[in-house]
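What follows is a short report on a single structure.
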Amino acid sequence: MTRLDRLLRPKSIAVLGAGWALNVIEQCRKMGFHGPVWPVHPTKDQIGGLPAYPSLADLPGVPDAVFIGVNRYATVDVVRELAAMGAGGAICFASGWTEAGEPELQAELVAAAGDMPILGPNCYGVINYLDGALLWPDQHGGIRVDKGVALVSQSSNIVINLGMQKRALPVAYVACLGNAAVVGLAELAGALLDDPRVTAIGLYIEGIDDAVGFAALAQAARAAGKGIVCIKSGKTELSRVAAASHTASLAGGGAASSAFLRQIGVAEVNSPSEMIETLKLFHVHGLGLGRRKCSLSCSGGEAGLVADLAAPYGIEFPPVPDAVRARLGEILGPIVTVANPLDYHTFIWGDGPRTTDVFTTMLSGYDAGIYLIDTPRGDRCDPSGYQPALDAIVAAQRATGKPALPVASMAENFDEARAAVLMEQGICTLMGLETALAAIRAAQTLPGEAGWRPLPVVA
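Per the numbering used here, the very first residue in the sequence shown carries number 490; after that it's consecutive.
What follows is the structure, encoded as structure tokens:
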């Protein structure tokens with residue numbers, strides 16, 4: 490139980506600000522939120538088909554979560570009243586605080602909140618796809634799920650973009666920090682991590698406000714078998730200036746931040762696509778990916794390409810074990826050279842049992858397998874001939890208990906619907922070969938020293 494539970498998993502929601510309130514109401518309705526949603530407006534009788542209340546004092550109960558879509562000056566008064574009535578927490582949407590040269594106004598907001606948690610100010614909100622609770626004033630790309638990853642960002646637009654992914658990643662939460670005046674990165678991510686339905690955490694970080702707390706978060710995640718992957722901005726001077734201008738974050742230098750993240754075992758990636766693919770690995774396979782990989786394809790060109798592209802990431806393709814080599818030789822015949830990466834040619838293409846035998850035998854000798862497979866586009870081609878290979882990948886993972894990873898060399902060569910079907914079967918499809926290799930490398934991140942903590946700052 491954390492102080493953010495009511496805000497993140499509300500049973501009742503209040504919304505203020507006519508235009509923004511309507512959007513929040515519509516998003517909760519679309520996502521099937523079962524609790525009451527109470528619009529508050531001094532003059533309107535109804536908003537979005539729901540009866541509106543003239544003031545917070547007129548509400549039929551104390552709300553668990555509140556979306557505040559009024560101007561920054563009115564926001565301070567609303568927060569003060571909510572704190573006094575015992576509300577569970579609030580989203581402060583308005584901008585124009587420390588990031589706009591008004592630190593005194595932000596300090597007034599913090600004082601008004603007291604012990605009540607708020608996200609923001611200058612914050613887009615939070616989406617809970619598990620319970621259908623959306624304190625969110627705009628469109629989004631998600632659906633209801635039973636479990637999934639949490640996306641947390643110090644930039645609203647970055648997390649909006651991440652939420653629009655078409656890569657079959659189940660998303661449980663989307664949350665923005667904004668200026669993080671009251672609730673910081675480690676506290677918010679920790680509260681999401683505490684939900685047993687959350688499988689991994691993805692972070693877009695501009696600045697780490699609490700290094701000790703963040704290290705504790707990383708250790709708690711690893712103890713729970715849940716991975717954390719992040720993009721850390723501020724590696725260039727231009728990036729640091731940009732961060733300060735929109736959320737007032739002080740983005741630390743790249744080398745020091747990366748060293749800190751490596752030490753505590755947080756995976757760092759460079760792009761949103763790499764983050765999504767790494768989260769898929771964590772969602773399906775947790776922290777157990779292992780380092781010894783095999784690669785299989787029906788093309789010598791692909792075998793060479795994966796070897797070349799994997800080298801900069803330090804991904805290992807050890808030689809084929811003798812017993813595995815002997816069995817593959819029996820299945821594939823003398824024409825095929827048994828190696829890792831393996832080009833199994835097309836002699837077995839379309840033969841489900843033999844393909845399954847090859848895929849399973851090869852995987853049995855390694856920690857995880859990369860299966861290169863680009864399916865034909867469905868609008869101009871018939872992809873049904875690729876189904877035996879996909880079924881063989883599923884069978885190989887089930888037989889060995891090891892990760893079998895379909896990898897499309899180009900992201901557009903594997904459609905979301907097919908990837909979603911495989912995800913339901915526990916198969917993590919990775920989209921884009923270089924992105925996949927970066928994600929595999931990131932998912933192997935281990936802490937430099939178990940239990941390591943930064944020294945607390947002494948005043």
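Every residue gets a Cβ at the ideal spot worked out from N, C-alpha and C, and that includes glycine.
Because the structure is a prediction, the values reported are computed rather than measured.
Paired residues, beta bridge with residue i - DSSP
i	result
Tyr693	Ser642, Ile720
Gly637	Val687
Cys665	Ser642
Tyr542	Val529
Asp832	Ser786
Val660	Val638
Val896	Leu861, Leu919
Val504	Pro528, Phe556
Ile954	Because the chain here runs from 490 to 948, residue 954 falls outside it and cannot be looked at.
Glu805	Arg781
Ile536	Leu539
Ala756	Val718
Endpoints, alpha helix (DSSP H) assigned at residue i
i	result
Cys517	507-520
Tyr562	561-574
Leu594	592-602
Leu842	For the record, residue 842 in the displayed sequence is Pro; it is not Leu. 841-853 is the span of the alpha helix (DSSP H), which, as asked, contains Pro842.
Val671	From DSSP, Val671 is part of no alpha helix (DSSP H); its letter is neither H nor E.
Ala925	922-932
Phe703	700-712
Leu770	761-774
Leu623	That residue, Leu623, is in no alpha helix (DSSP H); its beta strand (DSSP E) goes 622-624.
Thr491	Where Thr491 is concerned, there is no enclosing alpha helix (DSSP H), given that its DSSP letter is neither H nor E.
Arg812	What sits at residue 812 in the sequence shown is Ala, not Arg. Looking at the DSSP string, the run of the alpha helix (DSSP H) that includes Ala812 is 811-821.
Ala800	No alpha helix (DSSP H) holds Ala800; DSSP gives it neither H nor E.
Ala877	It should be pointed out that residue 877 corresponds to Pro in this sequence rather than to Ala. It spans 876-889 - the alpha helix (DSSP H) in which Pro877 sits, taken as one unbroken run.
Leu911	905-913
C-beta atoms of residue i and residue j nearer than 7 Å
i	j	result
Arg816	Thr849	no
Tyr613	Arg633	no
Ile514	Val529	no
Met920	Ala900	yes
Val671	Ile607	yes
Val687	Cys665	no
Leu879	Ser898	no
Ala952	Thr934	Residue 952 is absent from the model: the chain starts at 490 and stops at 948.
Asp620	Arg498	yes
Val568	Ala601	yes
Pro892	Gly839	no
Ala884	Thr845	yes
Ile536	Leu511	yes
Ala908	Ala657	yes
Ile824	Val847	no
Gly754	Pro936	yes
His794	Leu831	Here residue 794 turns out to be Leu, not His, going by the sequence shown. No, the Cβ-Cβ distance between Leu794 and Leu831 is not below 7 Å.
Leu861	Thr889	no
Leu778	Ala857	yes
Gln516	Trp625	yes
For residue j and residue i, believed in contact at Cβ under 8 Å, the rounded distance
i	j	result
Ala927	Glu763	5 Å
Ile717	Ile697	12 Å between Cβ atoms; not a contact.
Gly940	Gln708	7 Å
Ala576	Pro552	5 Å
Leu706	Leu682	7 Å
Gly637	Pro610	In fact, because the Cβ distance is near 28 Å, the residues do not count as touching under 8 Å.
Lys782	Cys917	Contact doesn't hold; Cβ gap of about 14 Å is too wide.
Val809	Ala828	7 Å
Leu677	Phe703	Actually they do not touch by this definition, with Cβ atoms about 11 Å apart.
Ile882	Pro895	5 Å
Arg942	Val599	No, Arg942 and Val599 are not in contact; Cβ-Cβ is about 27 Å, not under 8 Å.
Gly652	Leu640	7 Å
Gly915	Gln886	7 Å
Leu548	Ala503	6 Å
Limits of the unbroken beta strand (DSSP E) element including residue i
i	result
Gly858	857-861
Leu785	782-786
Ile616	615-617
Any chain B beta carbon closer than 7 Å to residue i
i	result
Ile694	The chain inventory of the structure shown lacks chain B, comprising one protein chain alone.
Option nearest residue i by Cα separation, candidates the options
i	options	result
His523	Ala712, Pro592, Leu623	Leu623
Thr564	Asp683, Glu597, Leu692	Glu597
Gly790	Arg656, His834, Phe556	His834
Glu695	Lys655, Gly652, Arg869, Ser746	Ser746
Tyr954	Gly538, Gly702, Pro592, Asp856	Since the first residue shown for the chain is 490 and the last is 948, residue 954 is missing from the structure and cannot be characterised.
Asp699	Leu750, Ile820, Pro872, Leu852	Leu750
Ala669	Ile765, Thr587, Ala704	Thr587
Ile557	Ala573, Ala546, Gly578, Pro549	Gly578
Ser501	Asp811, Gly550, Ala573	Gly550
Gln595	Thr889, Arg843, Gly667, Gly890	Gly667
Leu545	Val559, Lys533, Glu570	Glu570
Lys715	Asp868, Asn759, Ser722, Gly775	Gly775
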